[in-house]
Structure formats: C-alpha cells, structure tokens
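Just below is one structure, and these are the notes that go with it.
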Ligand SMILES: O=C(CO)[C@@H](O)[C@H](O)CF
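Encoded structure:
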C-alpha cells in the first residue's frame, strides 16, 4: 500500500481495538486501502506480559486486559505511521471498533487530564493515573454468574430481560461486570466518574473528552432498551447506584462526536477539522465491513460458527443477541454463535473421510439432498445454540439410531449444522427474503460442496467474502458514512464502489420444497435432544 504521504487525496481511518491487537486501516475516496498497520499486544508490548492480549486469573473465570496497554498500543502505532511518512493532514474522518462488552473505569478528574494531555508526551504517560480499574474486564470473563441471576430476577426473568435489552443475562455483558465491581470494590466504584466500553474509551482518546456509548455496542451490556434506545432504569438500578451519570447518554452509531483533540494535530499533524465518528463493537463494525443489507446473512464458519443477521422486527429469545443495527438505527442486527463449528467438521472428516476434505466433498456429492430423511445433531462440546451436548442420530421414521454409514454421517452433519442455523435465525425474527444473500467466510467457505448444502437449506445464493479486516474496514466505511448520514444517505450508497462479494453457488431447484418438511422435523427432534441432554446431565 502506498502511504498517505504520496496521496494528496483525502483519506479515512478505521481502528480496531481487538483482543490480541490494535489494527488501523486507511482508505481513499475510492475506498481503496492505502495503508494498514497493527500492534500485537503480546509481541510488541511484552512489558505487560499478556497471553493473547489478556490475563486469565487463577479462578479460571476472571479474564482482564490492562487498559494502559491499549493506550500505549495507540502511541506505538501512531509513531509507526509517523515514521512511515503517513500524511495525517489528509485524514478527513475516522471511526473505530472495540471488542464488545469490555469496560474502562475513568477515575474522578480524568476528563481534565485527558483534555490537557501535553503533545510533548506519548498519551500513555499523561493518562497512566486515570483509571480506577487498571485491569479491565473483557468478553472472555465468566465470573459474574451471581450478578446475572440477580439481574434476571430484578427484571422478572430471563425472557423479560431479553425482551428489554435484546439478550438474557450473559456473564461477559457489561452491566453484570459493573455490578461485580460495585459489590466487590464499592470504594473503586465511588472513585469512578465515567465508565466506557472499549469502543467509546478508544473514541475518547481521540476526542480528548468522554465519548458516548453508541446504540449498537450499548446493546451488549444488558442495560440498554433496544427499542427506545435509552438506558433501562430497572437494569441500571439492579447493577449499581448512580450508574446513569457514569455512562452518559447513548447515541446513534453514525453520530459525528466532534473534531479530533488538538493533541493529535500538534503531535502528529492531523487536520484540526478531522471528524471523530462514534466507535462501536467489533461485530457491528464487521457487519458494516461486510456491507450486509436487509435480508442478508453473514456466516463466519470458524472454530465456532457465527451468524450476523440484519433483522427488521426481531423477537429476542433466550439464545443469541439482538443489537441495534450500527448502520441503520431503525433496524436491528442479531448475533448467533454455534460452538460446534470447524472442530466438529474436522472430527467427522477424520473419522468418515480419512482426514481428507476431497473425500468429504465426494461423500456430499454421492448422497442425495435431504439424506433420505436421516437427521443428526453433532455436539462434541456443550453447544450454545441450543444448550445441548452429544451426538444424536435419527432415521426417516424419527427412530434413534446408533450409527450412519460414513457418507450419510457426513451429510447429516453438514445438513444438521445449516438447518440449525436457519431454524434459530428464524426464531430471532430473521426472514429469508427473495433478495436474501448469504455471505460466507472462514475456512469451510472454500469448500463448494459444503456451500451448496448451505445454499439449498436457505434457498438463497451464497457469496464468499474476505473478512480478515472487516471490523477495521467497516470502521473506515462508517467514518465516511458519518459525514453524510444526517442527509439520510445509507451506508450501502456510500460504499457502493467497494469490491462486490463473489457469487459461489446458487440453490438447487426444488431445494425449498425438499428442506421445508426436514426443517420442521429437525426443530421437533431438537426439542427431544435438548430434553435428553438436560436429563442425562442430572
Ligand atoms: O463476545 C463477543 C460477542 O458477543 C465477541 O465476539 C467479542 O466481541 C470479541 F471481541
């Protein structure tokens, strides 16, 4: 990529404060990537002694990251950009993403320190005393089970909490993390004047003031009413007193928060008029980066399989998460996570296709769509969606069977994984529309036979996309969108010059009729599997 110095043209920055690294990407007005860089926390900031960017505490439940490491990473990456000759004066706007759910606790008086930081010093030297909690809880933490139970009880149960905030209580969600800090360290909580998410914390560093939480990342806290887009008083009160003034008012994700802090113009040569557009969570930013539109589904086929859905009228459930949509405040996005993803596919490949993807694909070609009515549930580890475990096989008469022939096993695995995805997406209110596109990414998305099953089960065309930098790229797109959003220009219009996803497969004629009855059977059998899993765990 040619550093911005050679480009006299305006450019836009996208940041991603993720778990293991800080990434930045610069794009020009034609949406071409003209610069990218990263700082890897473990490798480039060894003084913090993190592993994978985090500290896993001795209780094996508490997981944190040192907030000063994130500030120092920003100092390092800006120095790298400066020494590479990056022309900061051409940056017209920036936005960013942060790992979701993590929280930052600003000590009383920090706003003044942030505002007056001397441009003679790296930022981390000025703000090192600004955090009442030095090790921020992050999304990998699962130490707040008691706070989750208390919150659900206060709201009249898990389903009601889900209806209000888009999710039932989850240990990693920020409200429960704040409740834990308030109950275990009330003095620390009292010393805290502001609580940010990782995304709004990062925006604050550039703003030189406390940046507000955006609707989309705010939907991952168990605190925001996703319909009214306002904090839920019963949720706030159930977590900690005086929480609303510590959070500030949430804002639409496309909001322009203001010009960049003078610190950056003086120290790096940023244009004083460079606009900061609200930062958001990494998954909402990825939705923007993948340029998801109404009716689309993005499926990331990785260790765990993650679904990103664009939903008009969501029906929050006890699984999955409904978030305010980051690119259209009137609609929603949903996140669904299936823990038994590629590791499950690889185990069946090893056992039924002698470890070869070619043989695996041949097995899919040699068996008929619908697998002659054979259905399977493959959960080597406790599944999240739904909560069930074990391997469960059923023949066309719904009788449990202990084994399938190898090629039948392979098709049962793949059809089962994709039927589960369609069933649970539709339970959250997702609808397959005539214009629906499936955007597939991750390892298995390179296997056309697997994609053909995906396309047939959803009766929709499958496109493949590269999402390596989707959160960063999505943030750069949102920086451009923020400048025109007030004029009701959609993100899709702003980024129509970006490279189109590649069409990989289209549905086999008759797929919809074939899979409709199978989807119904699968949903019914899934209830049995959940019940058997629960009873066998007793
Ligand atoms: O917890 C998650 C989403 O709910 C993760 O995807 C984090 O956002 C990763 F940073």
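Numbering (our numbering), first residue to last: 88 to 625. By construction, the Cβ of each residue, glycine as well, lies at the ideal position given by its N, Cα and C atoms. Because the structure is a prediction, the values reported are computed rather than measured.
The beta-bridge partner set that DSSP reports for residue 222 consists of 153. If you check the CB distance, residue 340 and residue 303 come in under 8 Å.
Taking 8 Å as the cut-off, the beta carbon of residue 109 is found no closer than this to the beta carbon of residue 563. In this structure, residue 523 sits near residue 383, with a CB-CB distance shorter than 8 Å.
In this structure, residue 286 lies near residue 366, with their beta-carbon atoms less than 8 Å apart. Around the beta carbon of residue 455, fewer than 16 other beta carbons sit within 10 angstroms, so the residue counts as exposed. In the DSSP assignment, residue 372 falls outside any beta strand (DSSP E) and lies within the alpha helix (DSSP H) extending over 369 to 376. For the pair residue 182 and residue 483, the Cα-to-Cα distance works out to about 52 Å.
When the beta-carbon positions are compared, residue 613 and residue 464 come within less than 8 Å of each other. Per DSSP, reduced to three states, the secondary structure at residue 293 is helical. For residue 533, the three-state secondary structure derived from DSSP is helix.
Between ligand 1 and the CB of residue 259, the shortest heavy atom gap is smaller than 7 Å. If you look at residue 506, you'll find it in the alpha helix (DSSP H) that goes 493 to 514. The shortest C-alpha to C-alpha distance from residue 566 to any of 178, 160, 467 and 143 is the one to 178.
Assigned with DSSP and collapsed to three states, residue 308 falls in coil, not helix or strand. At a threshold of 7 Å, residue 402 does not count as near ligand 1, since its beta carbon sits no closer than that to any of the ligand's heavy atoms.
Counting along the chain, residue 346 sits inside the beta strand (DSSP E) bounded by residues 343 to 346.
Look at residue 102: its beta carbon is at least 7 Å from all of the heavy atoms in ligand 1. Taking 8 Å as the cut-off, the Cβ atoms of residue 425 and residue 392 count as close. Looking only at 543, 443, 473 and 621, the smallest Cα-Cα distance to residue 458 is reached by 543. With fewer than 16 other Cβ atoms from the protein chains shown falling within 10 Å of its own Cβ, residue 320 counts as exposed. If you check the CB distance, residue 97 and residue 116 come in under 8 Å. In this structure, the beta-carbon distance from residue 194 to residue 274 does not fall below 8 Å. Distance between residue 581 and residue 568, taken at the CA atoms: about 6 Å. With fewer than 16 other CB atoms across the displayed protein chains lying within 10 angstroms of its CB, residue 232 is exposed. Distances taken from the Cβ of residue 460 to the heavy atoms of ligand 1 include none shorter than 7 Å.
For the 8 Å CB-CB criterion, residue 500 and residue 432 form a contact. Checking the DSSP bridge columns, you'll see residue 191 partnered with 283. Cβ-Cβ separation between residue 593 and residue 521: approximately 13 Å, too far for a contact (criterion under 8 Å). Distance from residue 411 to residue 306 at the Cβ level is roughly 5 Å; contact confirmed, criterion being Cβ atoms closer than 8 Å.
Looking only at 574, 263, 345 and 408, the smallest Cα-Cα distance to residue 370 is reached by 408. One alpha carbon belongs to residue 238, the other to residue 436, and they sit about 43 Å apart.
With a cutoff of 7 Å, residue 226 counts as near ligand 1, since its C-beta is closer than that to a heavy atom of the ligand. Per the coordinates, the alpha-carbon of residue 114 lies some 5 Å from the alpha-carbon of residue 121. Selection 243, 185, 540 and 401 evaluated against residue 453 yields 540 as nearest (Cα-Cα). If you check the CB distance, residue 495 and residue 534 do not come in under 8 Å.
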